[in-house]
Amino acid sequence: MAGESGPSKRGRVNAPVTRETARRTPENRDRSPHHRGRKCCRVPRRSPQSSRSGNNWALRYDSLRFHVPTSMCQMPYIEYPKELQTPNRLSRDDLAAQLRRFISAFGVNIITSAHIRSTVYNPSAERWEVTFTIGPSSGNSPPKVLVAVARHLVQATGVASQKPYTPSLPDANLYRGRSLYSALYSNPSASLPAGAKSVIIVGAANTASDIVSDLAAVTSSSSPSPLAITMVVRSPTYIIPESYVFDPHGFGAYDALPLPVADRALNTLPTVVDAHLAGSLFAALAAQEPERYAALAAAGFPVHDSTHPDENIVYNLLERGGGHYVDIGGTRVLEERRAAVKAGEPERWTARNLRFTDGSEVEADVVIWCTGFGDKNVRAVVEGILGGGETTTTTTPPAGLLLGPREIAERVDSTWGLDEEGGVRACGRGTWV
54 MAGESGPSKR GRVNAPVTRE TARRTPENRD RSPHHRGRKC CRVPRRSPQS SRSGNNWALR
114 YDSLRFHVPT SMCQMPYIEY PKELQTPNRL SRDDLAAQLR RFISAFGVNI ITSAHIRSTV
174 YNPSAERWEV TFTIGPSSGN SPPKVLVAVA RHLVQATGVA SQKPYTPSLP DANLYRGRSL
234 YSALYSNPSA SLPAGAKSVI IVGAANTASD IVSDLAAVTS SSSPSPLAIT MVVRSPTYII
294 PESYVFDPHG FGAYDALPLP VADRALNTLP TVVDAHLAGS LFAALAAQEP ERYAALAAAG
354 FPVHDSTHPD ENIVYNLLER GGGHYVDIGG TRVLEERRAA VKAGEPERWT ARNLRFTDGS
414 EVEADVVIWC TGFGDKNVRA VVEGILGGGE TTTTTTPPAG LLLGPREIAE RVDSTWGLDE
474 EGGVRACGRG TWV
């Protein structure tokens with residue numbers, strides 16, 4: 054979240070380097086802009102999934118596959134094995150294993166299952182102090198308390214990943230089935246109660262489409278009690294065929310061009326220019342197959358393709374933060390009517406059903422909410438991540454006083470979306486404390 058660049062006394066995060074410099078050999082890494090002898094503190098955090106490095110990915114739903122080329126997911130210095138390169142799509146386990154290889158190869162100091170108790174910044178000393186615990190939190194053995202002290206702090210907890218959003222509907226106490234957020238879904242046998250006959254998936258973007266495909270894969274029409282699957286689409290959804298994303302004129306450039314050329318093509322243009330180019334490319338590809346999603350629309354799915362004037366992949370990624378589906382085959386499940394489509398907005402619960410604003414109801418033994426996260430702006434969650442505001446100071450303390458999590462949260466810049474210059478807010482650029 055905070056760092057230092059150049060001679061300035063106040064901390065800020067360095068601007069990102071290109072992937073060309075990030076891929077320098079380990080022997081040269083101390084000369085890379087990423088490595089200048091700085092002492093940084095990467096804040097550890099506790100979650101049930103963090104007992105092993107990489108588990109943030111390894112414990113997601115079993116069928117997860119990335120919807121972008123492997124070349125877009127490379128890490129500095131260590132590339133994925135040849136068999137995992139494009140056209141292969143990385144699985145959750147592929148990414149988790151690569152993270153662990155990286156940690157092992159470079160001896161990265163990692164502390165897992167940590168719970169941050171407090172974070173304090175001393176402006177006069179330009180020093181961060183993070184107090185956290187590791188180990189058991191119950192029983193006879195008390196957790197171990199550790200303190201990390203550094204001149205710089207980096208918060209790398211993701212965007213739209215900490216605060217699940219689930220619509221609050223009336224009469225939830227009446228519902229007798231199971232309601233769960235998509236982050237708790239792993240696979241049909243583990244996530245559906247025995248005897249479940251009907252499932253509603255609320256949402257129509259990447260995660261929702263993956264889960265519908267996963268459920269449909271284990272549901273045979275010849276089985277004694279086939280599972281009734283319904284996808285609830287609350288608004289028209291932008292769908293992009295996988296082939297567009299892998300096109301060498303777009304995100305597939307890293308598989309078609311030398312690295313420095315691809316870097317310049319994808320990482321140096323103003324955002325507005327990049328958006329126009331990407332939008333024009335996808336629109337041209339979609340214009341060549343205007344009936345591609347005719348069967349999907351006939352199944353009741355309100356689909357937008359790349360010719361629609363309101364859709365642009367760069368806008369979805371950088372401002373909306375998602376809401377689209379990169380089609381890796383999930384639309385076939387709906388086109389073939391192996392899962393039903395319900396277009397509309399849920400309004401309230403009943404004992405067995407989900408009722409919609411048009412008065413209709415859909416029966417469901419299980420409802421899975423694929424409705425995204427509510428923390429696209431990290432300012433909404435930074436106080437809790439850094440320890441919950443245990444250090445109390447005034448909003449504008451005199452020089453030399455300490456800043457706690459609340460004061461830090463008040464001072465960091467908003468994240469994601471575009472600023473007045475057209476850049477992504479607080480992403481790879483300075484965010485002052």
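In our numbering, the protein residues as written are 54 to 486. C-beta atoms are modelled at their ideal positions from N, C-alpha and C, and glycine is treated no differently. From a predicted model like this one, the values you see are computed outputs, not experimental measurements.
Query, Result
"Below 9 Å between beta carbons: does that hold for Val286 and Phe335?", "no"
"Which one or two residues does DSSP pair with Ser171 in a beta bridge?", "Thr184"
"For Phe119, which residues does DSSP report across the bridge?", "None; Phe119 has no bridge partner."
"Could you give the DSSP three-state label for Asn320: helix, strand or coil?", "helix"
"Jot down the residue ranges of each uninterrupted alpha helix (DSSP H) in the region 318 to 406, minimum 4 residues, whole runs only, in chain order.", "324 to 340, 347 to 351 and 384 to 388"
"Measure the CB-CB distance between Glu179 and Val200 and report whether it falls below 9 Å.", "no"
"Grab me the residues of Ala348's own chain with a C-beta within less than 8 Å of its C-beta, minus the 5 sequence neighbours each way, in chain order.", "Glu388"
"Let me confirm a value: Gly457 is counted as buried when at least 16 other C-beta atoms fall within 10 Å, else exposed. Which label applies?", "buried"
"Apply the 10 Å Cβ neighbour rule to Thr283 and answer buried if 16 or more other Cβ atoms are within range, or exposed otherwise.", "buried"
"Go through its chain and collect everything with a Cβ distance to Arg405's Cβ below 6 Å, but skip five positions before and after it.", "Glu416"
"Quickly, what does DSSP pair Phe409 with across the bridge? List them, please.", "Pro399"
"Indicate the three-state DSSP secondary structure (helix, strand or coil) for Ser214 in the structure shown.", "coil"
"For Gly230, which of Thr184, Ala249 and Thr219 has the nearest alpha-carbon?", "Ala249"
"Among Leu148, Ser232, His302 and Arg345, which one has its Cα closest to the Cα of Gly382?", "Arg345"
"Quick check on this structure: which residue in Lys135, Ser467, Gly437 and Leu152 has the alpha carbon closest to the alpha carbon of Lys429?", "Ser467"
"Does the distance from the C-beta atom of Ala269 to that of Arg391 stay below 9 Å?", "yes"
"Expressed to the nearest angstrom, what Euclidean distance is found between the alpha-carbon atoms of Glu460 and Arg432?", "11 Å"
"Would the beta-carbon of Ala149 fall within 9 Å of that of Asn109?", "yes"
"Pick from Phe409, Arg385 and Gly375: whose alpha carbon is nearest that of Ala213?", "Gly375"
"Quick one: grab the DSSP three-state call for Ser467.", "coil"
"Rounded to the nearest angstrom, what separates Gly397 and Glu474 at their Cα positions?", "37 Å"
"With respect to the beta strand (DSSP E) encompassing Ile293, which residues constitute its N-terminal and C-terminal limits?", "Thr290 to Pro294"
"Return the chain-ordered list of same chain residues with a C-beta closer than 6 Å to the C-beta of Leu245, the five sequence neighbours on each side being excluded.", "Val419"
"Can you pull the DSSP bridge partners for Ala201?", "Val183"
"Kindly list the residues whose CB is nearer than 7 Å to the CB of His302, restricted to its own chain and excluding five residues on each side of it in sequence; keep chain order.", "Leu334"
"When you compare the CB positions of Ser116 and Asp267, do they come within less than 9 Å of one another, or not?", "yes"
"Bridge partners of Phe159, per DSSP?", "Partner(s): none; Phe159 has no beta bridge."
"On the three-state DSSP scale, how would you describe Ser239?", "coil"
"Gly412: buried (16+ other C-beta within 10 angstroms of its C-beta) or exposed?", "exposed"
"With which residues is Tyr130 paired in a DSSP beta bridge?", "Looking at the DSSP assignment, Tyr130 forms no beta bridge with any residue, so it has no partner."
"Please identify the residue among Arg118, Ala350, Pro294 and Ile438 whose C-alpha is closest to the C-alpha of Glu339.", "Per the sequence presented here, residue 339 reads as Ala, with Glu not at that position. When only C-alpha atoms are compared, the closest one is Pro294."
"Please check the pair Ala328 and Asn365, which I expect to be a contact at CB under 8 Å, by giving their CB distance rounded to whole angstroms.", "6 Å"
"Identify whether Glu474 lies in helix, strand or coil by the three-state DSSP scheme.", "coil"
"Quick one: grab the DSSP three-state call for Thr219.", "coil"
"Give the single residue among Gly256, Thr290 and Leu407 whose Cα lies nearest to the Cα of Thr360.", "Thr290"
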